[in-house]
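Asker:
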Amino acid sequence: MNLDDLTFQETIGNLYGESEIQNYDLEGEEELAEDLPKILILGNKQCGKSSIQKVLFQRMHPQETPTLESTRKITRQTIQTSPFVNFQVLEAPESIGFFETEFDLLGEFKNSNSIIYVLDVSQDLMTEIESLLKIINKSHQENKNLFYEIFLHKTDTLKDEEKEELKLKINKELKEQLQLQFEENDNGNEFEKEKENENEKEKEQEIKFQLYLTSIYDPSIFAAFSRVVQKLIKENKVLISLLDLLKNSCKIDRAFLFDIYSKIYIASDTSKFDLTSYEICSDTIDLVSDFSELYGYETKNNKKNKNKSKSKSKSKSKNEKKKKSKKKKKKNIDLDLDSDDLEINNSNQTEEQPPEGIITLESGQTIYVLQVINGVALVCILDNEVMKKKGIVFYNCKCFASSVKNVLTFDHQNVSKQFQKQIKKAF
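The sequence shown maps to residues 1 to 427 in full-length UniProt numbering.
(1) If we ignore side chains and look at the alpha-carbon of each, how far apart do Asp104 and Pro93 end up?
(2) What are the residues that DSSP puts in a beta bridge with His153?
(3) To which residues of the same chain is Gln177 closer than 8 Å at the C-beta, ignoring the five residues directly before and after it?
(4) Checking the sheet assignment: what are the DSSP bridge partners for Lys45?
(5) Roughly how many angstroms lie between the CA atoms of Asp160 and Gln418, to the nearest whole one?
(6) Mind checking who Phe225 pairs with in its DSSP beta bridge?
(7) Measure the C-alpha to C-alpha separation of Thr409 and Ser403 and round it to an integer number of angstroms.
(8) Tell me which same chain residues have a C-beta within less than 8 Å of the C-beta of Asn414, skipping the five on either side of it?
(9) Starting from Phe87, follow the beta strand (DSSP E) in both directions and report where the run begins and ends.
(10) Taking just the CA atoms, how far does Asn143 sit from Val89?
(11) When you compare the CB positions of Ser277 and Arg254, do they come within less than 8 Å of one another, or not?
(12) Distance check for Glu183 and Asn111, CA to CA, integer angstroms please.
(13) Would you call the segment 222 to 236 and the segment 362 to 376 touching, i.e. three or more CB-CB distances under 8 Å?
(14) For Ser215, does the count of other Cβ atoms within 10 angstroms reach 16, so buried, or fall short, so exposed?
(15) What separation, rounded to the nearest whole angstrom, lies between the Cα atoms of residue 516 and His140?
(16) May I ask you to list the residues that DSSP assigns as paired with Glu161?
(17) Can you pull the DSSP bridge partners for Ile373?
(18) Quick one: what does DSSP say Phe256 is sitting in, helix, strand or coil?
(19) Measure the C-alpha to C-alpha separation of Asp25 and Tyr217 and round it to an integer number of angstroms.
(20) On the criterion of 16 or more Cβ atoms from any shown chain inside 10 Å, does Gly391 qualify as buried, or is it exposed?
(21) Can you look up Ser70 in the DSSP assignment and give me helix, strand or coil?
(22) How should Lys329 be labelled, buried or exposed, when 16 other C-beta atoms within 10 angstroms of its C-beta is the threshold for buried?
(23) How far does the beta strand (DSSP E) with Asn127 in it reach, from first residue to last?
(24) If contacts are defined as beta-carbon pairs under 8 Å, then Gly357 and Ser82 qualify, I think. What distance do you get, rounded to the angstrom?
(25) Distance, Cα to Cα, Thr155 vs Gln46?
(26) Shortest alpha-carbon distance to Phe209 belongs to which of Lys172, Leu106, Thr78 and Ile381?
(27) Can you check whether the CB of Val386 is closer than 8 Å to the CB of Val379?
(28) What does DSSP give as the partner residue(s) for Leu382 in the beta ladder?
(29) If the criterion is Cβ atoms closer than 8 Å, does the pair Gln422 and Cys399 meet it?
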């Protein structure tokens, strides 16, 4: 796919909904939202823990991250950017001990849903793996249900073949070392009572981990973090089912459900993940959001959000906003838009109309964006043949949006059945 020459056909409304990201240190903090899922981020000094969070949740440009100071104390962020993206991120410095009096890291192991370990591939790999194994050993004793998300970080300097070789090498080393640890622990427990059979014991000792190749200089960090967050979303399976129904009924190439603020993809159809498709859809979110803010209407929720930053917006003229949009920075894809490429259609708008946008690529493919609920957008990649029946396709997308709203309030199984009855076969 090529984004060198785009046609922006139409956009209405404002894609950004209400979002909240709170940053604070743990010292002196009152009781926090304990019911939210928790992600614990660990790793050795200067591995990139803080940079990852700044790029993901505070929109810091990757080029600015080298100026960040090393993490000196434990920090926590509450991420609440849409009805599906609600969790806490806890980051601990490398020097923290497992039995610090000021903070109980072992206690956090018990309360966390997953651990992200940032493994710096530019450092000595055996030292990094040794640190990771120490974390796994300690945390698994406290919480057998933890899932270990291992970010093989700073891979942007490696070629694709080198990345895959590295991933296979670390995966093999981890499995071997974990097996050795298991055997040592098993042999050492001579006086342990036999309460469980072999199958139950094996299940208890099973350590679940997944490796990701990541860098803040390309979309891989967003894609990897998306996969982590998806495990925390209880509605994820039904959302995937709805996306598959939509994709199959309309012969859509790819369908993603995005959290608009963070660009985390909440769910996607079950076809093989493609980082290029993700990047194109992610960049389209930015583009449509910019123009919907400039030319669209304000919903009630958007008005609330806008009032929070009213003092900032007053100092900007419309011309300055237009210039800012045209000069929008992209990670790896240049979205050069001239005035001739832009056609806005915001006529006959009503408050009931969901914000949407259509972008045509030079290849002839079309990217369709539709806000399904506040802060969440459906992004589809469509080919020329599908666009011949765009009326049915867009109708099905609107039915999908209604179904996603129902997911938050109704029985999941019934939502899928209802959506199946509503959609129309395009082919």
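Using N, Cα and C, we set each Cβ at its ideal position, and we do this for glycine too. Please read all numbers here as calculations on a predicted model, not as lab measurements.
Answerer: From the atom records:
(1) When only Cα atoms are considered, Asp104 and Pro93 end up about 13 Å apart.
(2) Residue pairing by DSSP places His153 opposite Asp120 and Thr214 in a beta bridge.
(3) Ile129 and Leu133.
(4) Paired residue(s): none; Lys45 is not in a bridge.
(5) Computed Cα separation, rounded: 43 Å.
(6) For Phe225, which the question treats as bridged, DSSP gives no partner whatsoever.
(7) In a straight line, the C-alpha of Thr409 is about 10 Å away from that of Ser403.
(8) Residues of the same chain with a CB within less than 8 Å of the CB of Asn414, apart from the 5 flanking positions on each side, do not exist.
(9) Counting along the chain, the beta strand (DSSP E) containing Phe87 begins and ends at Asn86 to Glu91.
(10) Taking the straight line joining both Cα atoms gives about 17 Å.
(11) A distance below 8 Å separates the beta carbons of Ser277 and Arg254.
(12) Answer to the nearest angstrom: the Cα atoms are 27 Å apart.
(13) Per the Cβ contact rule, the segment 222 to 236 is not in contact with the segment 362 to 376 (fewer than 3 Cβ pairs under 8 Å).
(14) In the assembly as shown, Ser215 is a buried residue. Its beta-carbon has 16 or more other beta-carbons within 10 Å.
(15) Because the chain in this structure spans residues 1 to 427, residue 516 falls outside the shown range and cannot be described.
(16) BP columns for Glu161 are empty, so no partner.
(17) Residue pairing by DSSP puts Ile373 in a beta bridge opposite Val376.
(18) The answer is strand: DSSP assigns Phe256 an E or B state.
(19) Caution is warranted here: a pLDDT of 44 is assigned to Asp25, below 50, making its placement in the model unreliable, and the coordinate value is therefore given only provisionally. Going by the C-alpha atoms only, they are around 27 Å apart.
(20) Taking all protein chains in view, the Cβ of Gly391 is surrounded by fewer than 16 other Cβ atoms within 10 Å, so the residue is classified as exposed.
(21) Coil, per DSSP.
(22) Because the pLDDT at Lys329 is just 40, under 50, the model does not fix this residue reliably, and the value given afterwards should be weighed accordingly. When all chains shown are included, Lys329 counts as exposed.
(23) Looking at the sequence itself, residue 127 is Thr, so the reference to Asn does not match. No beta strand (DSSP E) holds Thr127; the alpha helix (DSSP H) holding it covers Leu125 to Glu142.
(24) Approximately 18 Å separates the beta-carbon atoms of Gly357 and Ser82; this is outside 8 Å, ruling out the contact.
(25) Thr155 and Gln46: Cα-Cα distance of roughly 15 Å.
(26) Of the candidates Lys172, Leu106, Thr78 and Ile381, the one whose C-alpha sits nearest the C-alpha of Phe209 is Lys172.
(27) Result no, Cβ atoms of Val379 and Val386 do not sit closer than 8 Å.
(28) For Leu382, which the question treats as bridged, DSSP gives the partners Thr366.
(29) Yes, the Cβ-Cβ distance between Gln422 and Cys399 is below 8 Å.
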